[in-house]
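Top to bottom, those sequences are chains U, Z and D.
Terminal number for the first sequence in this note's numbering: 942, no gaps in between.
Terminal number for the second sequence in this note's numbering: 255, no gaps in between.
Terminal number for the third sequence in this note's numbering: 106, no gaps in between.
For reference, the structure discussed in these notes is given below.
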Amino acid sequence: MDEAADTKSGLLWKLQNIDRRILYLVLLVVVAIPVLRPMNITNAVDPMSEALWKTIDATPADKIVLVSSTWSKATRGENGGQTRALMEHLMNRRIRFALSSFTAPGAQVILDIVRDMAPRYNYQYGRDWVHLGFQASPNNFVKGINADFRKTVRQDFVEKKPLDAFPMMARVKSIDDVHMVVEISASAVHNIWMQFIKPGVRVGFCPTSVMAPESLPYYSSRQLAGVLWGAKGAYDYEQLNVRNGTGRYGMGREYMAPLSAAFALVIVSITIGNVAMFLGRKQTRRGGSGS
Amino acid sequence: MNRQDRIFGIVGLALAVPLAIVGYIVFQKPGSTAFNAFLGGIATLALYSLLYRENPIYRLFEHVYLGLAAGYVSMMAITSVVRPKWYEPVFEKGQWLWLWALPLALLAYFVFSKRHGWLSRIPLVILAGFAAGQAFQAFANLYFPQIRDSFRPVWPTTWRLDNPNPSPDSLSISGALNNILFVVTLISVLAYFLFSFEHKKPVVRSTAQLGRWLIMIGFGAIFGSTIMTRFALLVDRMSFLLVEWLHLRGPT
Amino acid sequence: MFSLIAFFILSAAYRAFRIRSIEGSILMASALIVLLGLSFGVIITQWIPATGLAANLRIETWSSWVLGVVSLPALRAIDFGVGLGALAMGLRIWLGIERGALFGE
């Protein structure tokens with residue numbers, strides 16, 4: 652009986668103290684399999700994603716969308732998919748847009764994506780899209796463009812020319828000519844837009860999942876017109892694009908299967924860990940009462 | 004650093020430098036990002052070596068990453084901010100009044116001086132003053148709609164359990180119950196968080212205790228979302244390594 | 002580098018996420034519901050009709066409920082606290098009664 656108890660407690664001890672490197676290897680394998688063999692996961696579109704899609708889709712022909720990109724390659728897994736889905740929608744609908752960023756890497760990452768996608772839709776720089784560049788002071792940028800784009804942004808990011816040099820900006824003087832601002836971010840920069848933007852301009856937010864719960868109160872109070880919830884939000888937006896013929900599937904759908912596999916592993920790990928703990932406690936109690 | 008780490012570091016560098024040179028010769032082509040992907044893969048594997056154990060290769064690439072980030076931000080600050088917004092207006096357009104911004108900004112570097120460190124506070128308090136001045140507008144624009152949205156109806160207008168077509172004029176029983184829970188949660192969490200008064204009375208104490216339990220649900224949501232972000236970043240790195248770097252699968 | 006945290010989360014999930022208190026259980030349950038609602042939870046309950054009272058048994062409905070009815074007001078209340086603190090700080094700087102390293106002490 653002692654041997655059985657030793658074996659059980661030995662097994663339980665091993666279960667509770669498994670080498671973490673084995674766990675890491677299991678995680679790598681569990682994530683690698685769906686990456687190498689893509690599979691589709693059923694998705695239910697979130698109402699917040701649909702609200703954002705509809706607001707962008709309703710952009711009038713004489714207005715533009717301002718896309719602010721405040722992320723870097725570190726969060727490409729979530730913000731990259733959101734950006735691509737958003738750009739597909741804008742370009743398919745021939746909606747003109749301006750880019751800006753409150754971080755240095757953000758200006759470059761979105762430029763790379765748009766440059767990659769623009770030829771497919773015959774989107775020309777200056778005629779259909781413009782990059783306003785890195786803005787060091789978010790507060791002052793937002794307050795500045797409320798009144799005048801040209802006094803706030805002296806030159807564009809790509810060609811280093813004044814905004815008047817671009818046909819697209821001919822009728823864009825201030826925020827009144829912007830239908831919506833969409834902030835793609837890994838931080839809480841959406842607060843700046845809500846705090847200082849002129850009332851009446853819609854604000855959309857595409858955060859990483861970490862920031863998404865904190866944006867819920869603002870969506871509820873209609874300060875945000877829509878929210879894309881991390882990688883799931885990207886998948887929602889792609890689904891809406893496909894459903895309405897304004898884009899196709901991409902990173903959002905591609906990443907959902909490996910993500911789901913990883914979550915399943917986390918849930919199994921928590922379950923095994925707790926089961927091992929409870930069994931260990933039972934074993935200890937039984938051993939204690941027997942002596 | 005022990006002997007094993009030193010050997011690890013020397014071998015790693017001895018492999019990394021020729022590998023980078025070979026990679027440049029093989030992959031570098033005008034207009035191609037293959038070399039970037041190659042370097043990115045090496046860097047990713049080097050950083051992931053931390054999972055096995057702490058080692059000098061990880062430290063080296065960590066410092067390279069931090070240095071690159073700092074250098075890139077500095078470059079962008081000069082080319083996108085200082086040059087178009089200060090240098091060109093002052094020296095090319097003759098707006099000499101902006102010259103005062105330079106000594107004011109340079110005062111910040113006095114933080115390194117023990118004797119004259121107080122000078123570095125000047126630009127900081129100016130910025131703090133700007134922020135304080137904007138705080139009122141920020142508070143009003145951010146929180147007044149939140150306060151308005153927090154007043155929710157708690158009495159149903161339609162005696163249905165569930166309303167498939169909710170509208171501002173029709174509130175079902177489940178909607179009313181949800182709103183009651185909403186208001187209770189808001190008040191109890193506020194009671195827990197406002198420390199300006201003591202939680203002596205049993206009503207206040209039990210409300211704060213309820214708030215504490217309900218906060219756990221909010222934190223659970225944040226925690227679940229945090230897990231999602233971290234794993235999404237991992238999936239992205241795995242996709243980069245397996246698809247973009249090793250080409251084990253074609254694009255979808 | 003940020004993706005390394007995923008490995009540490011898994012290791013922590015296995016070794017440290019133990020249900021020892023009621024508050025911990027509530028946090029864990031809430032996290033699991035939100036996690037499932039954001040990922041493969043839809044597959045688990047997709048056989049349940051999407052309309053009618055039965056739709057309330059779907060995972061994504063639970064997730065939306067947790068986020069919209071409990072998590073939202075909790076985070077809003079925390080936001081109010083933060084906002085009031087920031088406003089008070091702004092007022093103190095304006096009135097010159099703020100003390101600290103930047104302001105003379």
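The beta carbon of each residue, even a glycine, is placed where N, CA and C say it ideally should be.
If you reduce the DSSP assignment to three classes, tell me which class residue i lands in.
{"i": "Z/Asn58", "result": "coil"}
{"i": "U/Tyr900", "result": "coil"}
{"i": "U/Met652", "result": "At U/Met652, the pLDDT of 40 sits below 50, so the modelled position is not reliable; the number obtained from the coordinates is stated separately. Reduced to three states, the DSSP call for U/Met652 is coil."}
{"i": "Z/Leu127", "result": "helix"}
{"i": "U/Glu834", "result": "strand"}
{"i": "Z/Leu100", "result": "helix"}
{"i": "U/Phe914", "result": "helix"}
{"i": "U/Gly784", "result": "strand"}
{"i": "U/Tyr776", "result": "strand"}
{"i": "Z/Phe38", "result": "helix"}
{"i": "D/Pro50", "result": "coil"}
{"i": "Z/Pro148", "result": "helix"}
{"i": "U/Val878", "result": "strand"}
{"i": "U/Ser942", "result": "Because U/Ser942 carries a pLDDT of 39, less than 50, the predicted location of this residue cannot be relied on, and the following value inherits that uncertainty. Coil, per DSSP."}
{"i": "U/Pro615", "result": "Lying outside 652 to 942, the shown extent of chain U, residue 615 of chain U is not represented and no answer is given."}
{"i": "Z/Gly214", "result": "helix"}
{"i": "U/Leu930", "result": "helix"}
{"i": "Z/Leu110", "result": "helix"}
{"i": "Z/Ser83", "result": "helix"}
{"i": "Z/Leu251", "result": "coil"}
For residue i, count the other beta carbons within 10 Å of its own beta carbon; 16 or more makes it buried, fewer makes it exposed. Which is it?
{"i": "U/Asn892", "result": "buried"}
{"i": "U/Ser942", "result": "Note that U/Ser942 scores a pLDDT of 39, beneath 50, so its modelled location is shaky and nothing firm can be said."}
{"i": "U/Leu717", "result": "buried"}
{"i": "U/Ala656", "result": "Confidence at U/Ala656 is low in this model, with a pLDDT of 43, below 50, so the placement of that residue should be treated as unreliable; the coordinate-derived value is given next. Burial call: exposed."}
{"i": "U/Arg894", "result": "exposed"}
{"i": "U/Tyr888", "result": "buried"}
{"i": "U/Met652", "result": "Summary for U/Met652: the model assigns pLDDT 40, below 50, so the residue's position carries little reliability, and this model does not support an answer."}
{"i": "U/Met690", "result": "exposed"}
{"i": "Z/Val192", "result": "buried"}
{"i": "Z/Ser77", "result": "exposed"}
{"i": "Z/Glu95", "result": "exposed"}
{"i": "U/Trp704", "result": "buried"}
{"i": "Z/Tyr112", "result": "exposed"}
{"i": "U/Phe817", "result": "buried"}
{"i": "D/Ile94", "result": "buried"}
{"i": "Z/Leu217", "result": "buried"}
{"i": "U/Val680", "result": "exposed"}
{"i": "U/Asn730", "result": "buried"}
{"i": "U/Gln890", "result": "buried"}
{"i": "Z/Phe133", "result": "exposed"}
{"i": "D/Gln47", "result": "exposed"}
{"i": "U/Lys883", "result": "buried"}
{"i": "U/Val878", "result": "buried"}
{"i": "U/Arg932", "result": "exposed"}
{"i": "U/Arg853", "result": "buried"}
{"i": "Z/Asn39", "result": "exposed"}
**Asked** Do the segment 207-217 of chain Z and the segment 6-24 of chain Z meet, that is, are 3 or more Cβ pairs less than 8 Å apart?
**Response** No: fewer than three Cβ pairs fall under 8 Å.
**Asked** Okay, do the segment 36-45 of chain D and the segment 56-65 of chain D touch, 3+ Cβ pairs below 8 Å being the bar?
**Response** Segment contact: the segment 36-45 of chain D against the segment 56-65 of chain D, three or more CB-CB distances shorter than 8 Å; contact assigned.
**Asked** Given a limit of 7 Å on CB to CB distance, which residues of the segment 761-790 of chain U reach chain Z?
**Response** Per Cβ criterion, the list reads Gly784, Phe785, Ala787 and Asn790.
**Request:** With 8 Å as the limit, tell me which residues of the segment 899-927 of chain U have their beta carbon closer than that to any beta carbon of chain D; keep them in chain order.
**Result:** For the segment 899-927 of chain U, the set of positions with a beta-carbon nearer than 8 Å to some beta-carbon of chain D reads Met907, Leu910, Ser911, Ala913, Phe914, Ala915, Leu916, Val917, Ile918, Ser920, Ile921, Ile923, Gly924 and Asn925 in chain order.
**Request:** Identify each residue in the segment 85-98 of chain Z for which the Cβ-Cβ distance to at least one residue of chain U is less than 7 Å, and report them in chain order.
**Result:** Considering only beta carbons, the part of the segment 85-98 of chain Z lying closer than 7 Å to chain U consists of Pro87 and Lys88, in chain order.
**In chain order, each beta strand (DSSP E) run of at least 3 residues that lies wholly inside the segment 701-744 of chain U** = Taking only runs of at least 3 residues, the beta strand (DSSP E) segments lying wholly in the segment 701-744 of chain U are 715-721.
**Item:** Against chain Z: residues of the segment 665-681 of chain U by CB proximity under 7 Å
**Value:** The residues in question are Arg672 and Tyr675.
**Prompt:** Should the segment 863-876 of chain U be called in touch with the segment 68-76 of chain D, which here means at least 3 C-beta pairs below 8 Å?
**Reply:** Taking 8 Å as the limit for Cβ pairs, the verdict is that the segment 68-76 of chain D does touch the segment 863-876 of chain U.
**Request:** Could you list the residues in the segment 874-903 of chain U with a C-beta less than 9 Å from some C-beta on chain D, going in chain order?
**Result:** The segment 874-903 of chain U vs chain D, Cβ under 9 Å: Trp880, Gly881, Ala882 and Lys883.
**Request:** Give the residues from the segment 723-740 of chain U that approach chain Z closer than 8 Å (Cβ to any Cβ), ordered along the chain.
**Result:** Listed by position, the residues of the segment 723-740 of chain U near chain Z (Cβ gap below 8 Å) are Ala725, Thr726, Arg727, Gly728, Glu729 and Gly731.
**Message:** Within 8 Å, do at least three Cβ pairs link the segment 901-914 of chain U to the segment 763-778 of chain U?
**Reply:** As far as the Cβ criterion goes, the segment 763-778 of chain U does not touch the segment 901-914 of chain U, which means the pair count is below three.
**Request:** Compile a chain-ordered list of the residues in the segment 683-712 of chain U whose CB is closer than 9 Å to at least one CB of chain Z.
**Result:** Residues passing the 9 Å Cβ filter: Ala683, Pro685, Val686, Leu687, Arg688 and Pro689.
**Request:** Could you run through the segment 822-846 of chain U and flag, in chain order, every residue whose CB is less than 9 Å away from some CB of chain Z?
**Result:** Near chain Z, meaning a CB-to-CB distance below 9 Å, the residues of the segment 822-846 of chain U are Ala837, Asn842, Ile843, Met845 and Gln846.
**Message:** Residues of the segment 52-79 of chain D in Cβ contact with chain Z at a cutoff of 7 Å, in chain order, please.
**Reply:** The segment 52-79 of chain D vs chain Z, Cβ under 7 Å: Thr52, Leu54, Val67, Leu68, Val70, Val71, Ser72, Pro74, Ala75, Leu76, Arg77, Ala78 and Ile79.
**Request:** Let me know the alpha helix (DSSP H) ranges lying completely inside the segment 792-848 of chain U, each 4 residues or longer, listed in chain order.
**Result:** Fully enclosed alpha helix (DSSP H) runs of 4 or longer: 800-803 and 841-847.
**Prompt:** At a Cβ cut of 9 Å, what residues of the segment 130-157 of chain Z count as close to chain D, listed as they run along the chain?
**Reply:** The residues in question are Ala131, Gly132, Ala134, Ala135, Gly136, Gln137, Ala138, Phe139, Ala141, Phe142, Leu145, Tyr146, Gln149, Ile150, Asp152 and Ser153.
**Request:** Name, going along the chain, the residues of the segment 60-74 of chain Z whose beta-carbon falls closer than 9 Å to a beta-carbon of chain U.
**Result:** Within the segment 60-74 of chain Z, contact with chain U at the beta-carbon level (separation under 9 Å) is assigned to Ala72.
**Asked** Quick one, which residues of the segment 25-37 of chain D are near chain U if we go by CB-CB under 9 Å, in chain order?
**Response** From the segment 25-37 of chain D, only Met29, Leu33, Val35, Leu36 and Leu37 have a Cβ closer than 9 Å to chain U.
**Request:** Note down, in chain order, all residues in the segment 230-252 of chain Z with a beta-carbon under 8 Å from any beta-carbon belonging to chain U.
**Result:** Going along the segment 230-252 of chain Z in chain order, one finds Ile230, Met231, Thr232, Phe234, Ala235, Leu236, Leu237, Val238, Asp239, Arg240, Met241, Ser242, Leu245, Val246, Leu251 and Arg252 with a Cβ nearer than 8 Å to chain U.
**Request:** Would you check if the segment 707-724 of chain U and the segment 826-839 of chain U touch, i.e. whether three or more CB-CB distances between them fall below 8 Å?
**Result:** Three or more Cβ pairs drawn from the segment 826-839 of chain U and the segment 707-724 of chain U lie within less than 8 Å of each other, which places the two stretches in contact.
**Asked** Given a limit of 7 Å on CB to CB distance, which residues of the segment 853-869 of chain U reach chain Z?
**Response** For the segment 853-869 of chain U, which is checked against every Cβ of chain Z, the residues closer than 7 Å are Thr859, Ser860, Val861, Ala863, Pro864 and Pro868.
**Asked** Going along the chain, which residues of the segment 204-216 of chain Z sit with their C-beta nearer than 9 Å to a C-beta in chain D?
**Response** Cβ contacts with chain D: Gly214, Arg215 and Trp216.
**Request:** Give the residues from the segment 173-186 of chain Z that approach chain D closer than 7 Å (Cβ to any Cβ), ordered along the chain.
**Result:** If the cut-off is 7 Å between Cβ atoms, the segment 173-186 of chain Z has Asn181, Leu184 and Phe185 near chain D.
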